[in-house]
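Protein chains in written order, with the working numbering: chain A, 9 to 305; chain B, 82 to 434.
Here a beta-carbon is modelled for each residue, glycine too, at the ideal position from N, C-alpha and C.
Source: prediction; values computed, not measured.
Worksheet: the structure to be examined is printed underneath.
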Amino acid sequence: MQTIQLPSYKEQSPTVADRFNRLKQRQVILEAENISKIFPTEQGDITALADISFKAYRREFLSVIGPSGCGKSTLIRILSGLESASEGQVLLDGKPVDQPGPERGMVFQGYTLFPWLTVKKNVMFGLEVAGKSQTQARAEALQWIEMVGLEEFVDHYPAQLSGGMKQRVAIARALANQPRVLLMDEPFGALDAQTRARMQSYLMQIWRNVDITIIFITHDLDEAVYLSDRVLVLNANPGTVQEMIEVPVAQPRSPKQHLNPEFLATKEHIESLIHPNRDEEDVLPIIRLTNIKDDIL
Amino acid sequence: MSWLSIQKELPARRKAALILLSFLLPLALWSTISYVPFIWHPMMEIQNAGGSLYLEQGQRVTRNVFEQENRRLMEGGEEVLTGVRANPVYLPPPHNVLTAVYTAFKTKPRRPDDPWLHESLAHSIQVVFYGFLLSSLIGVPLGILCGVFSFFSKLYEPFFEFFRYMPAPVFGALAVAVLGINDGPKVAIIFIGTFFQQVLVIANTTRQLPPSLLEAAQTLGAKGGTLLKKVVLPAIAPTVFLDMRILLGWAWTYLIVAEVVGTSTGITWFINQQAKYRIYENVYAAILMIGIIGLVTDMVLAWIGRNLFVWDGGKRSGLFLFLSELFCGPMDKTFTFTKKRALKHADYTTPEL
Ligand SMILES: Nc1ncnc2c1ncn2[C@@H]1O[C@H](COP(=O)(O)OP(=O)(O)O)[C@@H](O)[C@H]1O
Ligand SMILES: [Mg+2]
């Protein structure tokens, strides 16, 4: 058997290194400062997050990855203001925030379009709340709907859309408020593989063309590496920062890069962080029920 | 395909047949008992009273009495009774009841001051309407507040939970003492019977609102009153509408109690009166009318609901569009759910961005 020698994921080409230098000189949009979260429950306190700090720079695509239950959703809910931190604070453009607001758009894993509103009205929701006139709101909403390629479906209700379409509307709805940062909690988690790949491509195109910082939660390694500038890897129990990885794959990304050595090396590295003991196969206590001579070896 | 397969919908035609049968079976039973002379018919209707001193033509007596009297008459050498087998007077045959549904409206009240049937019915509907309206005007907003704010929930619901176990009719005497003997206490009984359930049911419906919708709205900038108006109300509207249909049914069931509180009125008075006169086909006709009014109201409301809440799986019909445009001006008509099936497949052909 051959083993492919992968380069170290840390070996960055000069162009990539230069990109990260330039990224970090940009304005900090969102900053998490020593965030901890403790849920008091009847069985005692659950420490979901402990001392998490990081910065997201302007127009950065930052993914957060970690095993299920490590506190990813809790983290993004704190960033959005839906949950308050037990300790630490969230800074948006340097100012602390503790309430949800339209300047931090959010796309949830579950479908949260308003089922009683058409696609158009869903996207208009934030604009109307912001006090824009019907005409203005409608015109802006249509632009965003066009951007996610759903102009044929403006008058459809969410129940008539497929899962992928619903998430595209949710993205348009969040972007219509022109938020500083778009928070996405496993937005493609419920989609089938093909639709998911297509959604990733849509999201990349939107991100490249809009002045938006994206914080993207996922538990899919490939997705994290493919989409992101940087990947924040979390530990479980309690959720702490394990490593902030600078993905050494050139931008703009394309599907071919899935096979780049740097891409594979980065994946490999994150995999080893998340599942350190993955070489030890779990052995089931199975009694052999077939004849050994029948095995195809 | 089998008629009985677990958790499988029957084909439309079989369903229609069964729905029809569910009405025809009781009717068939009733007809059999009424029209087949040797089934049941425990009485004899006297056709010729003969020499009997105390039986008259048209009277119904049990077969025992009939035979005894005949034996007595034969021994005394008098003319014997003749008669046909009959059912008791309280079980009129279907055709009598059906004609009564019509003739009852045409029959003049025996005493000139008494109301006609349609007046009695209108009075009943009015009592239910006011009781239900009054209850809903307070109960629906309060229920929604209880569902949204823990404050109101804890302030009101425990007491209402307790109160609803006291049957509304027991407040009849009190209601008369406070509100006099006219319609006041009747409306009050309907109100008491509906209100407490209503607050609890609506509060519960409101609590079923998925928190994720509220959270999504918050991240879009909505707060406080805007959340209530733009998210809570539209989200719960179809379920609240359904709740109201069920609650209206309950309000109807309190009607009969309400109408004997104070002075007997409305359809209940009519029924009691007709029973006193022993015109049982009118009694049945009146009971049937209550059922029909209830069913038709519910069907109309269900139809309105389907048209109003298109997004919740309903369907907008041409008649509804016509009526709503007649009364409220044009509204959007973008959507029928028949398109939905075609759309399921559309995602795969959606143009690239
Ligand atoms: N409201 C809550 N009350 C108590 N424990 C919670 C609550 N929300 C989350 N947790 C706990 O916090 C941990 C992290 O949850 P979550 O953020 O949903 O993880 P992830 O999104 O990474 O799967 C889990 O152990 C979960 O049980
Ligand atoms: Mg999660």
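Mind checking whether residue i and residue j have CB atoms under 8 Å apart?
i	j	result
A/L158	A/R176	yes
B/A435	B/I348	The structure shown does not extend to residue 435 of chain B, since chain B is modelled only from 82 to 434, so the question has no answer here.
B/G212	B/V268	yes
A/T120	B/A297	yes
A/V105	A/G89	yes
B/F241	B/F272	no
B/A130	B/E362	no
A/F161	A/V127	yes
A/Q35	A/Y65	yes
B/Y237	B/V280	yes
A/M252	A/R261	no
A/L99	A/E41	yes
To the nearest angstrom, report how far apart residue i and residue j are at their CA atoms.
i	j	result
B/V170	B/A258	39 Å
B/F230	B/S205	37 Å
A/T226	A/V137	30 Å
A/E254	A/S71	11 Å
B/Q207	A/A149	48 Å
B/A167	B/H122	5 Å
B/I312	B/A185	At residue 312 of chain B the sequence reads Val, which differs from the Ile that was named. In a straight line, the C-alpha of B/V312 is about 50 Å away from that of B/A185.
B/P190	B/P196	7 Å
B/P315	B/K187	47 Å
A/I220	A/G113	10 Å
B/P432	A/L169	With a pLDDT of 38 at B/P432, under the threshold of 50, the modelled position of that residue is not reliable, and the figure given next carries that caveat. The alpha-carbon atoms of B/P432 and A/L169 are separated by roughly 15 Å.
A/L305	A/I295	19 Å
B/P239	A/M212	53 Å
B/Q354	B/Y365	13 Å
A/I54	A/G247	11 Å
A/K275	A/S21	17 Å
B/R387	B/L402	12 Å
Which residues of chain B have a Cβ atom closer than 7 Å to the Cβ of residue i, listed in chain order?
i	result
A/G109	G302
A/F116	S293, A297
A/T221	None at all; the shortest Cβ gap to chain B is about 15 Å.
A/T4	Here chain A covers residues 9 to 305 and nothing more, so residue 4 of chain A does not appear.
A/T120	S293, L294, A297
Please list, in chain order, the chain A residues whose beta carbon lies closer than 8 Å to that of residue i.
i	result
B/T287	In chain order: nothing, as chain A lies at least about 15 Å away.
Give the DSSP-derived three-state secondary structure of residue i in the structure shown.
i	result
B/M247	coil
A/G52	strand
A/G113	strand
A/T120	coil
B/P193	coil
A/D193	strand
B/E137	coil
B/Y358	coil
A/D59	strand
B/F252	helix
A/I73	strand
B/S398	coil
B/V209	helix
A/K45	strand
B/K304	coil
B/T287	helix
B/N129	strand
B/N145	helix
Which chain B residues sit within Cβ distance under 8 Å of residue i?
i	result
A/R216	Chain B residues near A/R216: none, gap ~11 Å exceeds 8 Å.
A/R112	T300
A/W124	P315, A316, A318, F390, W392, D393
A/F133	A298, L301, A303, K311
A/N185	L301, G302
Output, in chain order, the set of chain A residues within a Cβ distance shorter than 7 Å of residue i.
i	result
B/S405	The premise fails here: B/S405 is roughly 17 Å from chain A at the closest Cβ pair, so nothing lies under 7 Å.
Cβ closer than 9 Å: which chain B residues qualify as neighbours of residue i?
i	result
A/R181	A297, L301
A/L90	E296, Q299, T300
A/V137	A298, L301, G302, A303, K304, T307, K311
- prompt: Looking at C-beta atoms only, is the number of pairs between the stretch 224-241 of chain B and the stretch 278-291 of chain B that lie closer than 8 Å three or more?
  reply: yes
field: Touching by the beta-carbon criterion (3+ pairs, under 8 Å), the stretch 174-192 of chain B and the stretch 138-148 of chain B
entry: no
query: Are there three or more Cβ pairs, one per stretch, closer than 8 Å when the stretch 320-336 of chain B is compared with the stretch 131-143 of chain B?
result: no
field: Inter-stretch contact (C-beta, 8 Å, three-pair minimum) for the stretch 128-139 of chain B and the stretch 92-108 of chain B
entry: no
query: Does the count of Cβ pairs from the stretch 266-281 of chain A and the stretch 231-238 of chain A closer than 8 Å reach three?
result: yes
task: Count the C-beta pairs between the stretch 88-102 of chain A and the stretch 45-56 of chain A that are closer than 8 Å, then say yes if the count reaches three, no if not.
output: yes
task: Would you check if there are 3 or more beta carbon pairs closer than 8 Å linking the stretch 388-408 of chain B to the stretch 331-341 of chain B?
output: no
message: Under 8 Å, with one C-beta from each stretch per pair, do the stretch 21-31 of chain A and the stretch 272-287 of chain A reach the 3-pair mark?
response: no
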